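Chains as they are written, first to last, in my numbering: chain A, 1 to 345; chain B, 346 to 690; chain C, 691 to 1035; chain D, 1036 to 1380.
For every residue, glycine included, the Cβ atom is placed at its ideal position computed from N, Cα and C.
Everything numeric in this text was worked out from a predicted model, so none of it was measured.
Number of protein chains: 4
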Amino acid sequence: MLRVAIAGASGYTGFELLRILCAHPSVRVSIITSRQQKGQRIDEFYPALKRHCDLVFEDTDPEKLAASSDLVFTALPHQASMDIIPGLLDRGVRVVDLSADYRLRDPEVYGKWYSAHKTPELLKEAVYGLPELYREKIRTARLVANPGCYPTSVILATAPVLWHRLIDPGTIIADSKSGVSGAGRGMALGVHFCEVNEGFKAYKVAEHRHTPEIEQELSVLAGRTVTVNFTPHLVPMSRGILSTVYSNLKPGVGTAEVVEAFENYYKDELFVRLSGPDYLPVSLQVRGSNYCDLGWRVDERTRRLIVISVIDNLTRGASGQAVCNMNIMLGLPEDTGLKDAPWQP
Amino acid sequence: MLRVAIAGASGYTGFELLRILCAHPSVRVSIITSRQQKGQRIDEFYPALKRHCDLVFEDTDPEKLAASSDLVFTALPHQASMDIIPGLLDRGVRVVDLSADYRLRDPEVYGKWYSAHKTPELLKEAVYGLPELYREKIRTARLVANPGCYPTSVILATAPVLWHRLIDPGTIIADSKSGVSGAGRGMALGVHFCEVNEGFKAYKVAEHRHTPEIEQELSVLAGRTVTVNFTPHLVPMSRGILSTVYSNLKPGVGTAEVVEAFENYYKDELFVRLSGPDYLPVSLQVRGSNYCDLGWRVDERTRRLIVISVIDNLTRGASGQAVCNMNIMLGLPEDTGLKDAPWQP
Amino acid sequence: MLRVAIAGASGYTGFELLRILCAHPSVRVSIITSRQQKGQRIDEFYPALKRHCDLVFEDTDPEKLAASSDLVFTALPHQASMDIIPGLLDRGVRVVDLSADYRLRDPEVYGKWYSAHKTPELLKEAVYGLPELYREKIRTARLVANPGCYPTSVILATAPVLWHRLIDPGTIIADSKSGVSGAGRGMALGVHFCEVNEGFKAYKVAEHRHTPEIEQELSVLAGRTVTVNFTPHLVPMSRGILSTVYSNLKPGVGTAEVVEAFENYYKDELFVRLSGPDYLPVSLQVRGSNYCDLGWRVDERTRRLIVISVIDNLTRGASGQAVCNMNIMLGLPEDTGLKDAPWQP
Amino acid sequence: MLRVAIAGASGYTGFELLRILCAHPSVRVSIITSRQQKGQRIDEFYPALKRHCDLVFEDTDPEKLAASSDLVFTALPHQASMDIIPGLLDRGVRVVDLSADYRLRDPEVYGKWYSAHKTPELLKEAVYGLPELYREKIRTARLVANPGCYPTSVILATAPVLWHRLIDPGTIIADSKSGVSGAGRGMALGVHFCEVNEGFKAYKVAEHRHTPEIEQELSVLAGRTVTVNFTPHLVPMSRGILSTVYSNLKPGVGTAEVVEAFENYYKDELFVRLSGPDYLPVSLQVRGSNYCDLGWRVDERTRRLIVISVIDNLTRGASGQAVCNMNIMLGLPEDTGLKDAPWQP
């Protein structure tokens, strides 16, 4: 049994990590931390975990984390992650970071969308943890930057057609819709039940921080600089992201080429499922799983491609993908601990 | 007191018409019809209406409708509307039709997206009932085709910038999200609570029948043929539509020009409210009202305009707009019976 | 036009008061106050109110309130109400208080369930503002204590059978369920969308502060001391209360006597609607209205009566009832400004 | 690997059985049946199951079921279960029946609440599948009658205090609230999203068929005939039941005795969790699990006990409990395939 730690375990992604890891056959959670919840038992904080985990929240101390674990999941706010990760790496512990701190390769881009980066030298080493794109690099990485929830849904929806050069990279528009758990467990008027219920809305239009992350990876796939419009919306539901991604098809490209691109690109992937021609995926069908389900339509009238992508924002969009990355880093089968069917309804 | 009738009053739009008309100071509902509910009292069918309306559903008979009313709202399925409207007009009764039967001016387009039109000669006469665009024609119309819910939200979001020639008409993408009441009160697995809850989805992608309606009106505004991508989605909420409309800005156009276009276009409109620069409208804020609230962002990085438009699909998207059209036809102030503030929360 | 003020207008009951009063034909809102929102325009705080109210939140100053209004609604937290109400009364202004401060006649009971009362001398004068029970006293009252939401639903469900001596007063159990707006607009983990959604719960079991209020009024009706079990629950919905009230029937009492008691007791009431034998009321059917809808079943097997009572917690449970009380105090028809049908769906 | 079959697999309980059994280490689902879905692949019917199950729905034929399985789960409507179960037992197959057909031991009671029983001779043999009460009998049973969802929540909430003679058995009132999945996947106006949302309601008051099932088991526990009031309500959520159970405490009984009774009765139970004195369970905390979580309050003012009981209606209330029964029948550890933590949020 390998020992893993969770730094910042009190939020929804922390809970989801614990839920998955408690049932994982090859690792054991040795320590969980939370500044605010320090000293409290996790199963008092989350009564759902009674009989599954009786750990007590501790301080987020790199030395202690390193001493008691072989791999650390950091589920801290951005800026806080980069404060402890160097200390962990120095002590020989591998890290899967769920914050945004090591996702952007260019420190200037990070500085522009977030704030000044404190450890830019680590950006070169960090591997973007989207297994379908970077599986080989993840295997040996010391530091994996787990992708954002929205970027996961948008990049997986676009990679095949961009890679196969079927669309015009300058025309990509990603209209994304997320459940409320993506906003975290912290309190704000925006997550008050009565404001969310019957209150669908867009937010951070043209300024959401997941934009440069999407653009970075789409640029790699396209082999040129790609700029996108990304618009997040808040849906009155707890879990799930659905992204509707629009782009202009290149001349001569039709449904057949699109189907072939998706089938080819995701041929052996365990966690991507493609819809047939008569169906489009619904957010509900992936709940609690690590799947990204994809469907598409070619609109011959406008010569545009519309791709529909659904994930569970807490599982594939955060903790499930983090465990998948851990599995790859540890040489385990990728779906270890992630084999259960989605929850319905 | 003028007498008005509602043909097809058993659905959600029928109820919403009754709710508004029962409190309307200048008209009286004289007769309601429903094939399926015939013989039942409306306040037994909808206990909410007890003490507000005690009418009994009758058969949908044009002769009887004409005899007992000065104006008829037809809230029937498409195809059924065109079966009774000619008989109503022949008997001198004016009609506000909430179906899709008289919205498209070109019978061939109707035939392609719906089925063969039975009374194409009336299409020339019918007026598209979007008051902001056709107020003068509505005033004297015998037959007003009340707009679809999605088209109302998309056309109002686009009209100012298209009219002022600020965007490229070939680049319009309307990504729309609707509450479940838009699907009507009929039963189907798709409206089962457990399938909708946590089950956000897109539907009829690239093939929804509101597409030609949107294109028809945007083409008039642009002075050229406009083709759009329109993608409807189903939100786990009862009421409300939010449309996110994307388009490419023409060179040199910035936020100032966009603001001016919206302010100018909707200068004296009672039922359009514009957001300031720091806020984007939420579906909740118009619930139960006839407002369309609009906000926008210019993305200088991509040179695209994103407009956010919210309406209540049952009020502005159907029954409220129908009453507004009736007010105009009868020479009443446009907001008669429509003055109440939206409901929160 | 009489001038009314709202002290503490930033919460959901404040908004609901404004929504109703803005459309009220006989009064004008002259001033609104809020410590936290001071200086902000209400229609920026609640964009829904744009074009309906452009007042600016002011400080809660009794002198200013008295100078600019004939009647004040105090929608402040308990304890805060009793700080300003004496000053208002002294200046000749009448008050409808939506807090709990003047509902309990016995200062010791108040002290036990809340904290020490600062103006016990006013408790004798204050009238409990449930119009069905205290209409005549409300007419001339200087200070009306607007009932709590739960007590309104429970007392109206029990009054007829208690008054007509059909049940054993020692056996009353009120199991109540409320939408989330009853918890107010303030932030707490308990109103986070993801905690409420799929998270039905009971709270403050056997210790909720509405218990003594219910007991006080049921004791008056029964002519003896009544003790009840009252259990509140939180429902994942925004508005509405449904109370299920159990009691043991006295020997010989059957459905006929129960029906007669309800019909007799509420004979001329505008805002109580009774269900027929084949139907039980649903929270949805009163939304946005001042109705209390009632239904019941006699269980001959257990000799118990079960009464189902539904209200909108923000309207009949707070602001609608407050306006009704104002109407009575001002000699206006009771339903002035409260005539609209409930909202569906 | 033992082979198990699911007769009637197209509903929510069928799906939940499949979800659990697909991940079960000791059995393999060999055949699924559905009259309506016959010929369709389950993963086309439920896209969530893609890569987890590719079985095709077959006809519900006892001979075929018996030939291809060692144990059959019958998830058919009542009346339909008793049509095939005798044929299964005759062929030596053991059965866990999720319908109500074999839960009531007295055919006259069945006849009164349902309709005439066709195989009353089997009622003596059938074991009521609540493991906490009948574990030993389940072990060797040929036919296990899986309990109803509401009875599971009510019986587990009451058994300890009834068994320990702490309450008056004549005073039990169970006020239960269920998510919508309990109504099944079939269509009806009552499960339409817009009718459920904001529409909390009671239904089948004093006449729900789970009443005799509750009374039968409580009578066994009390050693005398027990009659109860059971009132089901519909909550706008997908999963979960919370029951609030009231009863009068016997003289001298206080919190200490109640705590001891619960701790003693459920001492070694894997699937019952007791709350401490400062917390009451919420439906969310057991979602997707086989747990029944219990909490209680003694109200000294009224001398009543209030027990709060939460389960997931599809897991502990149906399919999870059915798998638990199967485990017991097959001599497997009771929690095989049921070890995962509940889902949050």
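- Beta-bridge annotation (DSSP): E1093/D is paired with T1068/D.
- V785/C sits in a strand when the DSSP states are folded into three classes.
- When the alpha-carbon of G1225/D is set against those of G1122/D, T1246/D, L1269/D, the nearest one is in L1269/D.
- Each residue's CA atom was taken as its position, placing D388/B and Q382/B some 12 Å apart.
- At a beta-carbon threshold of 7 Å, none of the residues of chain A lie near H923/C; the nearest stands roughly 14 Å away.
- Beta-bridge annotation (DSSP): S523/B is paired with L579/B, I586/B.
- For A1101/D, the CB contacts under 6 Å within the same chain, skipping 5 residues up- and downstream, are L1123, R1126, V1128 in chain order.
- When DSSP states are grouped into helix, strand and coil, A67/A belongs to the helix group.
- Shortest Cα-Cα distance from T315/A to any of A9/A, R3/A, T13/A involves T13/A.
- Taking G276/A as the centre and dropping the five residues before and after it, the same chain places no C-beta closer than 6 Å to its C-beta.
- Using beta-carbon distances, P345/A counts as an interface residue toward chain B, with a partner under 8 Å.
- Excluding five sequence positions before and after A816/C, the CB atoms of its chain that fall closer than 6 Å to its own CB belong to Y792, L833, A835, given in chain order.
- Interface criterion met: the Cβ of G978/C is under 8 Å from a Cβ in chain B.
- By the neighbour-count criterion, in which 16 or more other beta carbons inside 10 Å mark a residue as buried, Q1075/D falls on the exposed side.
- Contact annotation: in the stretch 866-893 of chain C, residues whose CB is within less than 8 Å of a CB in chain D are K867, G869, C884, E885, N887, E888, G889, F890, K891, A892, Y893.
- Excluding its 5 nearest sequence neighbours in each direction, T1290/D has C-beta neighbours in its own chain below 7 Å: V1333, listed in chain order.
- Distance check between G524/B and each of P1182/D, G1221/D, D1203/D, H1227/D places H1227/D closest, using alpha-carbon atoms only.
- If you check each beta-carbon in the stretch 1182-1199 of chain D against every beta-carbon of chain A, none falls closer than 9 Å.
- Closer than 8 Å to the CB of L242/A there is not a single CB belonging to chain D.
- With a threshold of 16 other beta carbon atoms within 10 Å, P1023/C falls short and is exposed.
- What S973/C touches in chain A, judged by beta-carbon distance under 7 Å, is nothing: the nearest beta carbon there is about 14 Å away.
- When the Cα atoms are used, L475/B and K250/A turn out to be separated by approximately 37 Å.
- Residues of chain D with a Cβ closer than 8 Å to the Cβ of S375/B do not exist; the shortest Cβ-Cβ separation is about 28 Å.
- S724/C places its beta carbon less than 8 Å from that of S700/C.
- V27/A and L18/A do not touch by the CB rule: their CB atoms are close to 12 Å apart, not below 8 Å.
- If you compare the alpha carbons of D335/A, N327/A, T60/A, L338/A with that of M1/A, the shortest gap goes to N327/A.
- Contacts between K740/C and chain B, judged by CB atoms closer than 7 Å, involve R618 in chain order.
- Of the residues assessed, R929/C falls on the buried side of the cut-off, its CB having 16 or more other CB atoms within 10 angstroms.
- Bridge pairing for S999/C: S933/C, L984/C [DSSP].
- At least one CB atom of chain C sits nearer than 8 Å to the CB of S238/A.
- Around the C-beta of S460/B, fewer than 16 other C-beta atoms lie within 10 Å, and the residue is accordingly described as exposed.
- For H210/A, the secondary structure class from DSSP, reduced to helix, strand or coil, is helix.
- When DSSP states are grouped into helix, strand and coil, L314/A belongs to the coil group.
- When Cβ-Cβ separations below 8 Å define contact, C1057/D makes contact with chain A.
- The alpha-carbon of T497/B is positioned some 42 Å away from that of G1323/D.
- A straight-line Cα-Cα distance of about 9 Å links K469/B and D451/B.
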